[in-house]
Every structure is written in C-alpha cells, then in structure tokens.
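For the sequence shown, the numbering used here assigns the number 93 to the initial residue and increments by one for each residue that follows.
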Amino acid sequence: MKAFLLNRYGGPETTGLQDVSRPAPGHDDVLVRVHAAGLNPVDFKTRDGMLKVVQRYDLPVVMGNELAGTVESCGKGVTAFKPGDRVFARVPKDRMGAFAEYAAVPADHLAPLPASIDFETAAGIPLAGLTALQALRDELRLQPGSRVFIPGGAGGVGTFAIQIAKWLGAEVTTTASPRGRALVERLGADVVIDYTTQRFEDTVRDMDGVFDLIGGDTLDKAFGVVKPGGMVVSVAGMPEPVTARKDLERGPLLAALFWFASFGLRARARRHDVTYRYLFMHPSGAELGELARLVEEGRLEPVIDRVFPFDAIDEAMAYLESGHAKGKIVVRMAG
Ligand SMILES: NC(=O)c1ccc[n+]([C@@H]2O[C@H](COP(=O)([O-])OP(=O)(O)OC[C@H]3O[C@@H](n4cnc5c(N)ncnc54)[C@H](OP(=O)(O)O)[C@@H]3O)[C@@H](O)[C@H]2O)c1
C-alpha cells in the first residue's frame, strides 16, 4: 500500500510517499481502509523532532494522526465493529499511521461514522475536536454564562473551540486576522479582536478562563485577562508537571523537567492568582461519538479549509505549516 513515511527527523525532505506492506491488525485492532486523513501541526512538529522528549518513534514510521474510512477486517477481540462499517479515529500517539491506504487502529479509539458525515469532513474532526472538547469541558469546565477567551479562533482547533464553548453556554472572545473574522463570527464568536492591529490585553478582562492556541507572547499576556481564581489552559505553550503525570502517565523525571520548563509561566500564573495547565489531548472513541452526535444535530460544523489528493500530501503539509489555515486541512486517498 501507499503510505507517507517519516524516514529521519528533520525538514520536509525527510518524509515521502512510499510503498509498504499493509499493517496486520492485532487482537483488539480494526484494519481501516482509509478514505481521508486530517493534518495537524503535530505532524510537522513530530517530523522536526520537536516532540522527541514525549514521544520517540522507531524510524521509518508511517505518519498521520487522524482518519476516516471503512472497516476492512477486525482482530479476534473486536465485537463493536464489522467489515464495511464507516468509522473515524484519532489514532494512538505511539503508533500514528493515518497517512496510508490502510491503518490498524485499536477498536476503542474508533467511533461509528454517521451516514450524514462524509469521509473528508470526518477526517478533520478527531484531533482538533477532541482537543477543544477536553480543554473546554473537562479542564476549564465551562458553564452557561462562563466567559472564555480563545486566542487563535480561525484555525483547526479554534473553529471547533468557538462552537463547543458556545454549546456549553459560554460567552466567547477570540482573536483572528481580517482573513478569519467572517468565519469566527459565523461560528458564534461574541467578540472578535483583530490580532494584527489590536492588543487584546488592552480590552479583554475578567475572563473565567483562557484556552490558548498560540503560545509565546500571547500566552504570557493571557494571564492578565483572567479573573483571580480562573484558569489558563494552553495546548501551544510549555508543558507543566500535571501534563507529565495526567496526560502522559509518566514518572517524576519528566514531571521535574516540565516543572523547570514551565517555571516562568507558573510564576506568572501565581502572580495573577490563576491556575496554569498545559493539556496533551487523549484519543477517545467514546468522546468522538459525542462529537459525531453534535455534528448530526447541527450544533457543530467541522470547517474544512482545503482537501488535497494523497499524492499532493507534501503540498498539504506545506500549506498547514504556513500557519494560516482556516479550519482543517485534509488529504483524500485514491478511490
Ligand atoms: N497539546 C495538544 O494536545 C494539541 C492538540 C491540538 C493542537 N495543538 C497545538 O495547538 C496549536 C493550534 O493548532 P491548530 O490545529 O489550530 O493550528 P492551525 O490550524 O495551523 O492554526 C492556524 C490559524 O492560526 C491563526 N493564527 C496564527 N497566528 C495567530 C495569532 N498570533 N493570533 C491569532 N491567530 C493566529 C491563523 O490565522 P491567520 O491566517 O488569519 O493569521 C490560522 O487561521 C498548534 O500549536 C498545535 O500544535 C496541541
């Protein structure tokens, strides 16, 4: 089968489409014939080697973290799916493998894909959708009437986050360039700040929480817009000790490393009487089922910016890496 491989850590030249053998599904796995796969910044961060401290792969490895397709065959332990079922998934972090014509995925990472959602749309849901759900509902615990600030509303995660925050009943303030304004307004953002001409820290205040998708200077300033007792959850800043223990289930060594790395951010959070949390999302077939229901009910609209043919995945990666996608980038496998 055709697959997109990472041959060594480095730039775009370290990856390429190659012929490899089909993966064999294990006892609890489902072999999925992949119809479409979603791209995420984690793909080029993995390629660059930026994430080696949390996840190392034996190279070469098939890349890709989310997919939609049909069940080809099932391991002996699988009872929830059968050949022909339409499914989608955020695949295991330690296996990847979505950028391929076939992928073996643990059954508990998969959710049934309703007939009303096409494969290309479905492929863009898992990673960004689960990230937004887990950050806003489970970490920030948004309630009706909560006020949340989401810097970076027009991208893959942001387009889900705005809608999920609104579904949870929150008031949403976000940032976008003029290119993204109409989109984030359509998705329900109550206040939109043009980050190219305005400093959000001059006008945003008394937020219950921040869901940071940008990191850097934006994250540094985000602590000042939250009420005392509030929370900043980032997926783009620096991991902290809870990330190591809770999200990565790792021991004290990694927690200590993250303690040092996040020292400045946690000190800033303490000065503002705010909690800082860096979230690594986790795959979940059950939670994907919840997202599928929201899409079916018309409460959640996955925003797909561009669909590329699988043969043009290099181009798709370069477009994603430009950092200006509006919603998600997807590749479509042949057939
Ligand atoms: N920890 C985790 O589990 C996890 C999970 C998912 C994602 N992430 C991380 O979260 C971040 C966002 O991911 P994503 O998929 O949403 O990325 P993305 O789709 O590439 O985001 C692109 C969008 O960001 C906007 N943008 C760029 N700079 C901005 C700024 N300074 N202020 C406001 N908006 C800005 C761009 O708008 P313009 O083109 O208009 O500038 C574009 O619409 C990435 O760093 C990713 O690695 C982490």
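Yeah, the Cβ is synthetic: ideal placement off N, Cα and C, and Gly gets one too.
Return the residue from the list the options that minimises the CA-CA distance to residue i.
i      : options                        : result
SER414 : LYS137, THR289, ALA95, HIS364  : LYS137
ARG273 : ARG291, LYS258, GLY245         : GLY245
ALA353 : HIS416, VAL334, GLU341         : VAL334
ALA116 : VAL145, PHE252, LYS168, ASN157 : LYS168
PRO198 : SER208, VAL179, LEU383, PHE211 : VAL179
ASP294 : VAL318, ASP300, GLY301, LEU275 : VAL318
ALA203 : TYR194, GLU382, LYS338         : GLU382
GLN290 : ARG358, LYS258, SER269         : SER269
ALA384 : VAL154, GLY103, SER208         : SER208
MET142 : GLY103, VAL112, ARG358, ARG398 : GLY103
ASP121 : PHE173, LEU109, GLN110         : PHE173
ASP230 : MET323, PHE355, ALA215, GLU105 : MET323
LEU412 : GLY221, HIS201, VAL249         : VAL249
GLY356 : PHE211, GLY108, ASP339, LYS313 : LYS313
PHE211 : GLY161, ILE242, HIS201, ASP309 : GLY161
LEU340 : VAL145, ALA215, GLU105         : VAL145
ALA128 : ALA215, THR106, HIS201, ASP111 : ALA215
LEU380 : PRO175, ARG391, GLY221         : GLY221
Between which residues of its own chain and residue i is the CB-CB distance below 6 Å, once the five residues before and five after are set aside?
i      : result
GLU263 : ARG239, ASP282
ASP177 : VAL163
GLY307 : ALA328, GLY329
LEU219 : ASN132, ASN157, GLU158, ARG182
ALA336 : ARG342, LEU346, ALA347, PHE350
Rounded to whole angstroms, what's the CA-CA distance from residue i to residue j? Just pull it up for me.
i      : j      : result
PRO206 : ILE217 : 13 Å
THR213 : ARG363 : 43 Å
LEU228 : SER376 : 16 Å
GLU393 : LEU275 : 11 Å
ALA361 : MET373 : 22 Å
LEU225 : LYS94  : 33 Å
ALA378 : LEU386 : 13 Å
GLU389 : ALA359 : 43 Å
ILE242 : LEU260 : 14 Å
SER113 : HIS201 : 22 Å
GLY107 : GLY321 : Sequence check: residue 107 is Thr here, not Gly. Rounded to the nearest angstrom, the two C-alpha atoms are 45 Å apart.
HIS416 : ALA410 : 11 Å
Considering only their Cβ atoms, is the gap separating residue j from residue i smaller than 8 Å?
i      : j      : result
ILE405 : PHE96  : yes
ILE254 : LEU279 : yes
TYR287 : THR267 : yes
GLY130 : ALA196 : no
ASP135 : TYR101 : no
VAL302 : LEU371 : no
THR223 : VAL395 : no
TYR194 : VAL296 : no
LEU311 : ASP304 : yes
LEU123 : SER165 : yes
VAL154 : PHE191 : yes
ARG424 : VAL399 : yes
PHE292 : VAL366 : no
Can you give me the Cβ contacts of residue i inside the same chain, cut-off strictly under 7 Å, excluding the 5 residues immediately before and after it?
i      : result
ALA426 : PHE402
VAL284 : THR266, ALA268, ARG273, VAL276, GLU277
LYS258 : VAL264, GLY280
THR408 : Before going on, a small fix: residue 408 reads as Ala here, not Thr. Excluding sequence neighbours, ALA408 sits near LEU131, PHE400, ILE421, VAL423.
Is the shortest distance between the beta-carbon of residue i and the beta-carbons of chain B less than 8 Å?
i      : result
VAL112 : Among the protein chains of the structure shown there is no chain B, as only one such chain exists.
Looking at ligand 2, does it come within less than 7 Å of residue i, judged from the CB to the closest heavy atom?
i      : result
SER354 : Within the structure as shown, ligand 2 is missing, the only ligands being ligand 1.
Considering only residues of the same chain and omitting the five flanking positions on each side of residue i, which have a CB-CB separation below 8 Å?
i      : result
LYS418 : ALA246, GLY247, THR251, ARG271, GLY272, LEU275, VAL395, ASP397
Taking 8 Å as the threshold, find out whether the segment 175-195 comes into contact with the segment 145-158 through three or more Cβ pairs.
With a cut-off of 8 Å, the segment 145-158 and the segment 175-195 count as touching, because enough Cβ pairs lie within range.
Looking at C-beta atoms only, is the number of pairs between the segment 338-349 and the segment 309-329 that lie closer than 8 Å three or more?
No: the two stretches stay apart, fewer than three of their Cβ pairs being nearer than 8 Å.
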